[in-house]
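Chains as they are written, first to last, in the numbering used here: chain S, 6 to 114; chain X, 24 to 136.
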């Protein structure tokens with residue numbers, strides 16, 4: 006089955022700086038890669054996703070890149086704000102979602 | 024905006040008891056999932072459900088677990104005889120079609136004593 010590795014496990018950034026989270030996956034059949042943000046006591050909320058026919062996608066301060074050859078994808082958050090503090094999960098979809106272990110992002114004011 | 028709802032938000036039960044976790048998926052969605060998240064760990068797939076039957080299940084989803092869509096709107100997860108290690112957040116998700124965004128509910132926190 007699919008195995009998704011996510012790094013780092015924790016990330017502390019100064020407000021206004023960028024944050025980058027990286028994931029790798031194992032199953033070349035996976036073709037949909039969402040990123041979820043989870044705030045305390047809530048379910049995962051989709052923030053951005055990318056499909057395997059696209060190399061990069063951007064939505065305001067958030068961008069995701071995908072390298073299918075290397076089987077890795079990354080989340081980039083620019084101009085971080087305190088409300089970006091949360092746990093971020095990457096996932097790969099080979100019909101069901103296989104999640105990474107999560108990255109706890111803390112934005113210092 | 025339509026959303027997935029789950030009840031109860033928190034369930035406390037004694038080991039060996041049966042629990043039923045309830046979910047109301049988004050109305051026009053076709054695929055339904057249960058995931059669980061043990062405290063501090065990654066979200067794990069349990070089971071997927073399509074066209075009124077299980078389409079895939081993980082190793083976690085043993086004979087103690089079952090799912091049902093009893094009335095065309097609710098989607099339930101039953102654990103027949105709970106164990107301490109079943110304590111986790113359980114998330115329901117629904118999808119309009121395969122390989123699309125999975126919409127997650129807020130979760131049910133299950134505590135087995």
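The C-beta atom is built at its ideal place from N, Cα and C for all residues, glycine as well.
Bear in mind that the values here come from a model prediction, so they are computed numbers and not experimental data.
Exercise for review: Can you say whether residue 48/X is buried or exposed, counting buried as having 16 or more other CB atoms within 10 angstroms of its CB?
Suggested key: With 16 or more other CB atoms across the displayed protein chains lying within 10 angstroms of its CB, residue 48/X is buried.
Exercise for review: Buried or exposed for residue 105/X, please, with buried defined as at least 16 other CB atoms from any protein chain shown within 10 angstroms of its CB.
Suggested key: Residue 105/X is buried by the Cβ-count criterion.
Practice item. Find the residues of chain S that neighbour residue 84/X, judging by a C-beta separation of less than 8 Å, and give them in chain order. Key: Within 8 Å Cβ-Cβ: nothing; residue 84/X doesn't reach chain S, min ~11 Å.
Exercise for review: Output the distance between the C-alpha atoms of residue 70/S and residue 124/X, rounded to the nearest integer angstrom.
Suggested key: When rounded, the distance between both Cα atoms is 18 Å.
Exercise for review: Let me know if residue 131/X comes out buried or exposed under the rule of 16 or more other beta-carbons within 10 Å of its beta-carbon.
Suggested key: Taking all protein chains shown into account, residue 131/X has 16 or more neighbouring C-beta atoms within 10 Å of its C-beta and is therefore buried.
Review point. How would you write the range of the beta strand (DSSP E) that residue 85/S sits in, first residue to last?
Key: Per DSSP, residue 85/S belongs to no beta strand (DSSP E) and is neither H nor E.
Check your understanding: Does DSSP classify residue 45/S as helix, strand or coil?
Key -> The answer is coil: DSSP assigns residue 45/S none of H, G, I, E or B.
Review point. With residue 20/S and residue 85/S assumed to form a contact (beta carbons below 8 Å), what rounded beta-carbon distance in angstroms separates them?
Key: 6 Å between Cβ atoms; contact.
Practice item. Measuring alpha carbon to alpha carbon, tell me which of 66/S, 103/S, 54/S, 98/S ends up nearest residue 88/S. Key: Taking residue 88/S as reference, the option from 66/S, 103/S, 54/S, 98/S with the minimal CA-CA separation is 66/S.
Exercise for review: Thinking residue 69/X and residue 83/X are a contact (beta carbons under 8 Å), I'd like their distance in whole angstroms, please.
Suggested key: Right, their Cβ atoms sit about 6 Å apart.
**Study point:** Partners in chain S for residue 79/X, counting only beta-carbon separations shorter than 9 Å
**Key:** Correct list: 100, 101.
Check your understanding: Residues in its own chain within less than 6 Å of residue 81/S by CB, not counting five upstream and five downstream?
Key -> If we look at residue 81/S and ignore the five residues flanking it on each side, its Cβ neighbours are 25, 68.
Point to revise | Host beta strand (DSSP E) of residue 26/S (start-end) | key: Here the beta strand (DSSP E) through residue 26/S covers 24–30.
Check your understanding: Around the C-beta of residue 40/X, are 16 or more other C-beta atoms found within 10 angstroms, so that it is buried, or is it exposed?
Key -> Looking at its Cβ environment, which holds fewer than 16 other Cβ atoms inside 10 Å, residue 40/X is exposed.
Point to revise | Amino acids of chain S, ordered along the chain, whose beta-carbon sits closer than 7 Å to that of residue 125/X | key: Going along chain S in sequence order, the residues near residue 125/X (Cβ under 7 Å) are 102.
Check your understanding: Within the chosen definition, does the stretch 89–107 of chain S reach the stretch 9–19 of chain S through at least 3 CB pairs nearer than 8 Å?
Key -> Segments in contact, yes.
Check your understanding: Just how far apart, CA to CA, sit residue 203/S and residue 37/X?
Key -> This structure cannot settle anything about residue 203/S, because the visible part of chain S is limited to 6 through 114.
Practice item. Give the residues of chain X in contact with residue 51/S, contact being defined as C-beta atoms less than 9 Å apart. Key: Among the residues of chain X, those whose CB is under 9 Å from the CB of residue 51/S are 124, 125, 126, 127, following chain order.
Review point. Quick one: what's got a C-beta closer than 8 Å to residue 114/S's C-beta in the same chain, skipping five residues either side?
Key: Contacts found: 20, 87.
Review point. Looking at C-alpha atoms only, which residue of 45/S, 22/S, 41/S, 63/S is the closest neighbour of residue 28/S?
Key: Relative to residue 28/S, the option among 45/S, 22/S, 41/S, 63/S whose CA is nearest is 41/S.
Check your understanding: Could one say the Cβ of residue 66/X lies closer than 8 Å to chain S's Cβ atoms, at least one of them?
Key -> With respect to chain S, the C-beta atom of residue 66/X has a partner C-beta closer than 8 Å.
Practice item. Could you tell me the boundaries of the beta strand (DSSP E) in which residue 151/X lies? Key: Residue 151/X cannot be examined here, being either before or after the span of chain X that is shown, 24 to 136.
Review point. Does residue 120/X come within less than 8 Å of chain S when only Cβ atoms are used?
Key: With 8 Å as the cut-off, residue 120/X does not count as an interface residue toward chain S.
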